[in-house]
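Residues in the sequence shown are numbered from 2 upward in steps of one, following the working numbering.
Don't be surprised by glycine CBs; every beta carbon is placed ideally from N, CA and C.
What follows is a set of notes on a single structure, which appears directly below.
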Amino acid sequence: MIHKKPLISVIIPSYNYAEYLSEAVHSVLQQTGDDYELIVINDGSTDTTDEEVKVLLKETKNSFSYYQQKNMGVSATRNKGIKLAKGDYIYFLDSDDKMLEDALDTFRYSIQKQPLADMLIARYFSVYDDGRKKERCIWPLSQTQEENFKSYLLNVDHSLLCSSILFKKKAFNNYQFPEHLRIYEDEPVFAYMLANFNVIKIDKPVALVQKHQNSLRHQVHHGLVKQSVDEIFNPSRISSSLMSYRSHYLGLKYLDQFRTLYIVGEYEKAWSQYLKALPFNKKAALKVSILRKAIRSWLKK
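Next up, the structure:
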C-alpha cells in the first residue's frame, strides 16, 4: 500500500473492540496491491482502543490513517469515513471482523469484469464464540431493482452486512447512513442501494464476521421500528411503486422485535410487539411457530 490516489478505501469504525482491532487492521494491511488506503476511526471508545491504535501505527510505520471523535454512533462514523475516503470504492470493515487474505483481489477482479456495478455483495464466513464457522452467501439477485428491494425486505432469510460489501463512493452522493438510528442503521442504506443502483453478487467470501452471544440484547429497541421503516420508505428516495411494501415490512419488523424479546425473556414487551404486528402482516403473525410463542408470551407476561 502506497500513498497515491487509491482505488479502494477501507474504513474501520471502532468502538470498544480494542481486543479485536489489531487483527482487523493487520487483515487489511496484508492485502496485496498498492491501490488501497486504510482509515481507522475511533468513535469515542472508553476501552484501550486509542492505545492499541497508537501501537499499531508504530508497528506498521504509519501505514494507515487514524482519527478520533466523541461517541456519535456507527452511522456518523461511517459517514465520516465516506467524507475522508479518497478511493473510488468504499469497504466498511467492522472492528471485530477480518478480511480474508485475497479479499481485495476478489473485489478488483469483479470491478474489472463489471465496472458499472455500484454495490458488489460477496460471501462471508460467520464465526461463532465456540469456534464454529459457517459460510454465508447472498440470495440469487434479480434483473430488476424492485425485485431485489422486495426480496431483501420481505424475506426474513435475506440479510446483508457491510463487511461483505464494496460500494462505489458516488453511490453515497445523495444518501448516507441515517445518524438518528442506533440500530437498523444499515438497512435503509442497503434498501436504497438495491432500489436505485446496479447491484451484483460475488461468489467468493471476503471476510470473517464475528458473531457474539450477547448481541441479541443489543437489538432490542422496539421504539425505533417505525423510525427505521419510515427511513426506508421515504418517497423522495424510492419510486412510488415500492411504497406498497411498507405495511408488510412494518409487520415483519415488529415480529422481528417480538422474537428477540421472546428469546431474552421479556414476555410482556414481546406480546406488545406481537399485537403491533398483527394489523400489518396477519399472515406472518399467524404462522404456527410465531403464534405458539405469542401465546406463551401472553401466558408468561
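Burial state of Val190 (16 or more Cβ within 10 Å): Within the sequence shown, numbered from 1, the residue matching residue 190 stands at position 189. Val190 comes out buried.
Residues near Pro7 in its chain [Cβ-Cβ closer than 7 Å; skip 5 each side]: By one-based count along the sequence shown, residue 7 stands at place 6. So the list reads Asp36, Tyr37, Glu38, Lys87, Gly88, once near-sequence residues are dropped.
Given a threshold of 16 other Cβ atoms within 10 Å of its Cβ, counted over all protein chains shown, does Ile203 qualify as buried or as exposed? For the purposes of this step, residue 203 is taken as the residue at position 202 of the sequence shown. Ile203 is buried by the Cβ-count criterion.
Per-residue DSSP class, three states only, for Gln70: Translated into the one-based positions of the sequence shown, residue 70 becomes position 69. Gln70 falls in the strand class under three-state DSSP.
How is Asp204 classed by DSSP in three states: helix, strand or coil? The residue labelled residue 204 in the question sits at position 203 within the sequence shown. Residue state, collapsed to three classes: strand.
To the nearest angstrom, how far is the alpha carbon of Glu1 from that of Lys59? Absent from the structure is residue 1, since the part of the chain shown begins at 2 and ends at 302.
Please classify Gly82: is it buried, with 16 or more other beta-carbons within 10 angstroms of its beta-carbon, or exposed? In the sequence shown, residue 82 corresponds to position 81, counting from 1. Its Cβ being crowded by 16 or more others within 10 Å, Gly82 is buried.
Is the stretch 154-167 touching the stretch 176-193, taking contact as three or more C-beta pairs under 8 Å? yes
Using a Cβ-Cβ cut-off of 8 Å (strictly less than) and excluding sequence neighbours within five positions of Ala192, which residues of its own chain qualify? For the purposes of this step, residue 192 is taken as residue 191 along the sequence shown, with counting starting at 1. Contacts found: Phe150, Tyr153, Leu154, Ile233, Ile239.
Out of Leu94, Thr78, Val200, which has the shortest C-alpha to C-alpha gap to Val26? Here residue 26 is taken as the residue at index 25 of the sequence shown, counted from 1. The shortest Cα separation from Val26 among Leu94, Thr78, Val200 belongs to Leu94.
Across which residues does DSSP place Tyr90 in a beta bridge pair? Locating residue 90 in the sequence shown gives position 89, where the first residue counts as 1. According to DSSP, which records beta bridges pairwise, Tyr90 is partnered with Ile9, Lys169.
Touch check for the stretch 172-179 and the stretch 101-118: three-plus C-beta pairs under 8 Å? no
Could you check how far apart the C-beta atoms of Ile9 and Tyr92 are, in whole angstroms? I think they sit under 8 Å. Against the sequence shown, residue 9 aligns to sequence position 8. Against the sequence shown, residue 92 aligns to sequence position 91. Ile9 to Tyr92, Cβ: 6 Å. Contact.
Tell me, to the nearest whole angstrom, how far the beta carbon of Tyr98 is from that of Leu209; I am working on the premise that it is less than 8 Å. Counted from its first residue, the sequence shown places residue 98 at position 97. Counted from its first residue, the sequence shown places residue 209 at position 208. A small correction: the amino acid at residue 98 is Asp; Tyr does not occupy that position in the sequence shown. Right, their Cβ atoms sit about 6 Å apart.
Cα separation between Asn197 and Ser143? On the sequence shown, residue 197 is found 196 positions in, with the first residue counted as 1. On the sequence shown, residue 143 is found 142 positions in, with the first residue counted as 1. Answer to the nearest angstrom: the Cα atoms are 13 Å apart.
Can you tell me the Cα-Cα spacing of Asp231 and Phe65, whole angstroms? For the purposes of this step, residue 231 is taken as the residue at position 230 of the sequence shown. For the purposes of this step, residue 65 is taken as the residue at position 64 of the sequence shown. Distance between the alpha carbons of Asp231 and Phe65: 37 Å.
Would you kindly work out how many angstroms separate the C-alpha atoms of Asn199 and Lys5, rounded to a whole number? One-based indexing of the sequence shown puts residue 199 at position 198. One-based indexing of the sequence shown puts residue 5 at position 4. Approximately 28 Å between the Cα atoms of the pair.
What's the gap between the Cα of Asn17 and the Cα of Lys288? Position 16 of the sequence shown, counted from the start, is the residue given in the question as residue 17. Position 287 of the sequence shown, counted from the start, is the residue given in the question as residue 288. Near 39 Å, if we compare the C-alpha coordinates of Lys288 and Asn17.
Could you check where the alpha helix (DSSP H) with Phe191 kicks off and where it finishes? Here residue 191 refers to the residue found at position 190 when the sequence shown is read from its first residue. Note, Phe191: alpha helix (DSSP H), 188-197.
Taking the beta strand (DSSP E) that Asn43 falls in, what are its first and last residues? Reading the sequence shown from its first residue, position 42 is the one you call residue 43. 37-44 is the extent of the beta strand (DSSP E) around Asn43.
Just how far apart, CA to CA, sit Ala285 and Phe126? Taking the sequence shown and counting its residues from 1, one reaches residue 285 at position 284. Taking the sequence shown and counting its residues from 1, one reaches residue 126 at position 125. Each residue's alpha carbon lies about 29 Å from the other.
Burial state of Val207 (16 or more Cβ within 10 Å): Translated into positions along the sequence shown, residue 207 becomes position 206. Counting Cβ neighbours within 10 Å, Val207 comes out buried, since at least 16 surround it.
Buried versus exposed call for Thr261 [16 or more other C-beta atoms within 10 Å across all chains shown]: Taking the sequence shown and counting its residues from 1, one reaches residue 261 at position 260. Label assigned to Thr261: buried.
Kindly indicate the opening and closing residues of the alpha helix (DSSP H) around Leu121. In the sequence shown, counting from the first residue as 1, residue 121 sits at position 120. Unbroken run through Leu121 is the beta strand (DSSP E), 120-129; no alpha helix (DSSP H).
Nonlocal neighbours in the same chain, by C-beta distance under 8 Å from Gly266, ignoring five residues either side: For this step, residue 266 is matched to residue 265 along the sequence shown. Excluding sequence neighbours, Gly266 sits near nothing in its chain.
Check whether Ser15 and Ser96 have beta carbons under 9 Å apart: Here residue 15 refers to the residue found at position 14 of the sequence shown. Here residue 96 refers to the residue found at position 95 of the sequence shown. Against a cut-off of 9 Å, the Cβ pair of Ser96 and Ser15 comes out as a contact.
Three-state secondary structure (DSSP) of Lys302: The residue given as residue 302 occupies position 301 in the sequence shown. In the structure shown, Lys302 sits in coil (DSSP, three-state: anything other than H, G, I, E or B).
Look at the alpha carbon of Ile296 and the alpha carbon of Gln228, and state the distance between them as a whole number of angstroms. Start at 1 with the first residue of the sequence shown, and residue 296 comes out as number 295. Start at 1 with the first residue of the sequence shown, and residue 228 comes out as number 227. Approximately 27 Å, taken between the alpha carbons.
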